[in-house]
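Note sheet for the following structure.
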Amino acid sequence: MDAIFLQILNGLDKGGAYALIALGLTLVFGTLGVVNFAHGAIFMMGAFCAVTLEKLLTLSVKVKDESVTFFDAYKETPYLELWFGDTGTAIIDWSVPLSIILAIPVMLLIGIVMERSLIRYFYKRPHAEQILVTFGLAIVLQELVKATFGANPIPQGAPDIVSGSAAVGAIFGLGEAVVYPWWRLIYLAFSLVTIGLVFSFLHFTTYGMVVRAGMADRETVELLGINIERRFTIVFGIAAVVAGLAGVMYTPVLPPDYHLGMDFLVLSFVVVVVGGMGSLPGAVAAGFLLGILQSFSSMTEVKDIFPGIDQIIIYLVAVVILLTRPRGLLGRRGVMES
Amino acid sequence: MSNTKIVSPKKDMIFMAILSAVVLTMPLWLQPFGAAYPDLMQKFMIFGIFAIGYNILFGLTGYLSFGHAAFLGVGSYTAVWSFKLLSMNVIPAMIFGTVLSGLFALAIGFVSLRRSGIYFSILTLAFAQMSYNLAYSVLTPITNGETGLQLEQSDPRVLDHMSGIVPDGSLPTPNLFGIEGIGYSGFYICAALMLISFFIYLRIFRSPFGLKLRAIKSNQNRMGYTGFSTRPYLMTAFVISGMYAGLAGSLLAVTDPLAGAERMQWTASGEVVLITILGGVGTLIGPLLGAGIIKYFENIFSAFNDTVLLNAFSFLPDWLAHPVASVVGLFVGEGWHLTLGLVFMLIVIFLPGGIMEGISRLSRLLFKRNKSEPKSDGHESKEKEQTSAGEV
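If you're matching them up, the sequences are chains A and B in order.
Numbering of the first sequence is given in our numbering, commencing with residue 1 and proceeding in unit increments.
Numbering of the second sequence is given in our numbering, commencing with residue 1001 and proceeding in unit increments.
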């Protein structure tokens, strides 16, 4: 029972990341009709927003270490600590959550620049060419990050106060022994909130309503005199922000390196396909579903029966879905059913 | 595109003869480019085979597969196992590698080809990732996981022992009846195989079968209406291109008997896509050109490091040399992939037909300059140009 409970949590938490990335991907496909292979790279760049901020906050100066009296010793002390004392230390400690503030404008800008300078020329081109050009873009982005930050993973710490484990067992009456890392609970909550925000933006604002109308029937919306292309550009920016935030918050879970994006890209595509291309609820549902499936299949009891199942379960599900129901779990009838 | 023009078999034979001459004299004419060492030339041949095989699928039918590295990996693993169990002779290794990849492609193609377009890409991607993940985890007894599959002194090598070849103290190298698979002899083995594969590929291009594959690319529905079931043709093309990839994989094992799972990763499939697009999708020798160019520049660019660059820019004043060298350094050495990605993007954006399209555009440009000369002459050379475009 405890194990199952933990696996569900684990799956939800993994699924949160999948859902966030897939949400942006399917949003872009649904609005612009573009298959974006650079979406993984956007996720990766979000993660590196956190790295950048941490590097900025911990800019250091050599200060004489007073505690050593035998000889002149120097230690690196961040400027923030020198200037603000304990407040500075606290700011550095909270660098990952703070990076959200940095990441939102940065990712929005990156997304809009990307769309205006490249993606918009590919609306009318075949999907294969979209895949190819964005694949090239992904390579370029990841190499730029590699050139700036090096090839090694850069670990990021969660704030001290939440770096431990939560006694979730006690809350749900399962015993004290059932614990789960705080940060991953926060990640789950964060992903739910972000998903909620995106959905309320699309459903409860006029702007979102127009975007949805454009997804359903672009031509009519244009005939009504609305500049739908500009809105879609913004949507691309929003998709980049969502993926970027997913990346920022993921850094304490997995130290980011330059090919993080490529690793997640395939997974998120699978999620989008399982949920249905262009279907937002589908992407979210499929994200959580695949997350849970994956964490259950990595239980030793399951692995004893089907060795290696944890490595391939996601792809197997995708294959089965594509063969039996190509429009995906929640895809609209007639969309991409070839 | 313009390739549907019928080219006489005689011209093809001349073309083959020229190509063979060019390939076989590579050690001579590559000398001034600094690329005439066997390792690199073997890579040209091997990735050439991989790319022409890929072109049979992607170039002719337009089905974009992102999982071809899996076949390359299967070919490599099979070849190394053949070295371990049977014989160090390369012939069984290549036969097993090619056939097993073909069977593997048959299985994957049977499922993947039920869908087209982006779904096909994702299905092949999913299968390739599955093979990669499995090769790293559960299949470790077969693939030796992260270390990679290697030859050992104690391998059985049944056939070798039966024919009385007893290894001396060192590890045996793959050979073709005593001709070693490394060095220049290795290059000639690869070159011969490449030429044979290219000949088959040429025949496929010219055959009615090739024409049907092209018809699938241009309009699959209409193919269906005219009464062709497209799936058997697609299936055959998929299996053939899988076998080419398997052959390339086993040749990789011949030149360096070591097989690792990273050969199967999807970014490795991306590489063959890059090669094919760069050279020219659907053109006859485009993929070969692409393989040559990418492997050549990979080799040359990777060799640049900071000191080499600083020397190269030493003619500049000191305050300028360092920044220039560091900016250029972004694009060479370790950053070679950045250049590759940029070039690839530019090609897809501006020159979807790859280098071959660039060449034909250039020749058209040159031809226009000649047009001011007498008219009858111009007409004739236009015809000539068309046939040569069809040929290439």
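The C-beta atom is built at its ideal place from N, Cα and C for all residues, glycine as well.
The structure presented is a predicted model; accordingly, all values stated were derived computationally and were not measured.
Among the CB atoms of chain B, one or more fall inside 8 Å of the CB of A:L137. By DSSP's assignment, B:I1179 forms a beta bridge with B:L1176. Between A:L27 and A:I119, the CB-CB gap reaches or exceeds 8 Å.
Counting only runs of 4 or more residues that sit fully inside the segment 1036-1115 of chain B, the alpha helix (DSSP H) segments are 1038-1061, 1068-1085, 1090-1112, in chain order. Contact annotation, A:S297 with A:G331: C-beta distance approximately 24 Å; criterion of less than 8 Å not satisfied. At a cut-off of 8 Å, the C-beta of A:F190 has no neighbouring C-beta in chain B. The C-beta distance from B:K1217 to B:L1060 rounds to 6 Å, short enough to fall under 8 Å.
Residue nearest to A:K55 within the set A:I112, A:A128, A:E129, A:P155 is A:P155 (criterion: CA-CA distance). Secondary structure at B:A1259: strand, using DSSP grouped into helix, strand and coil. Using a Cβ-Cβ cut-off of 8 Å, A:E301 does not count as an interface residue toward chain B, since no Cβ of chain B sits closer than that to its own. From the beta-carbon of A:Q294, no residue of chain B is found nearer than 7 Å; the closest lies around 12 Å away. Shown here, B:Q1150 sits in a strand according to DSSP, grouped into three states. Between B:R1263 and B:L1072, the gap from beta carbon to beta carbon is short of 8 Å. In the structure shown, the three-state DSSP call for A:S67 is coil. Boundaries of the alpha helix (DSSP H) around A:Y315: 309-324. Taking 8 Å as the cut-off between beta carbons, the residues of the segment 1337-1364 of chain B near chain A are H1337, L1338, L1340, G1341, L1342, F1344, M1345, V1348, I1349, P1352, in sequence order. The residue among A:P326, A:A318, A:G308, A:I312 with its C-alpha nearest the C-alpha of B:L1139 is A:G308. The count of Cβ pairs closer than 8 Å, one atom from the segment 33-48 of chain A and one from the segment 135-155 of chain A, reaches three, so the stretches are in contact.
Counting other Cβ atoms within 10 Å of its Cβ, B:H1068 reaches 16 or more and is therefore classed as buried. For the segment 324-335 of chain A, the beta-carbon criterion of a distance under 9 Å to any beta-carbon of chain B is satisfied by P326. The residue from A:D13, A:F5, A:I4, A:A3 with its alpha-carbon nearest to that of A:I186 is A:D13. For B:V1328, no Cβ of chain A is located within less than 8 Å of the residue's own Cβ.
Assigned with DSSP and collapsed to three states, A:Y180 falls in strand. Annotation: the continuous beta strand (DSSP E) that includes A:P78 extends over 74-78.
With fewer than 16 other Cβ atoms from the protein chains shown falling within 10 Å of its own Cβ, A:F172 counts as exposed. Non-local C-beta neighbours of B:L1125 in its own chain, meaning closer than 8 Å and more than five positions away in sequence, comprise F1066, G1067, W1266, S1269, ordered along the chain. Counting of Cβ neighbours within 10 angstroms places A:E219 among the exposed residues, the total staying below 16. For B:A1268, there are no neighbours in chain A by C-beta distance under 7 Å, as the nearest C-beta there is about 11 Å away. Within the segment 142-167 of chain A, the residues whose Cβ lies closer than 9 Å to some Cβ of chain B are Q142, E143, L144, K146, A147, A151, listed in chain order. Within chain A, the residues placing a beta-carbon under 8 Å from that of B:V1273 are L132, F135, ordered along the chain.
The C-beta of A:Q311 comes closer than 8 Å to at least one C-beta of chain B.
In the three-state reduction of the DSSP assignment, A:S95 falls in the helix class. When the five nearest sequence neighbours on each side are left out, the beta carbons in the same chain lying within less than 8 Å of the beta carbon of B:T1236 are those of F1209, in order along the chain.
When C-beta atoms of the segment 233-249 of chain A are compared with those of the segment 189-201 of chain A, three or more pairs fall below 8 Å, so the two segments count as touching. Interface flag for B:I1122 against chain A is set, since a Cβ pair is found closer than 8 Å. Membership of A:D304 in the alpha helix (DSSP H) is indicated by the continuous run 300-305.
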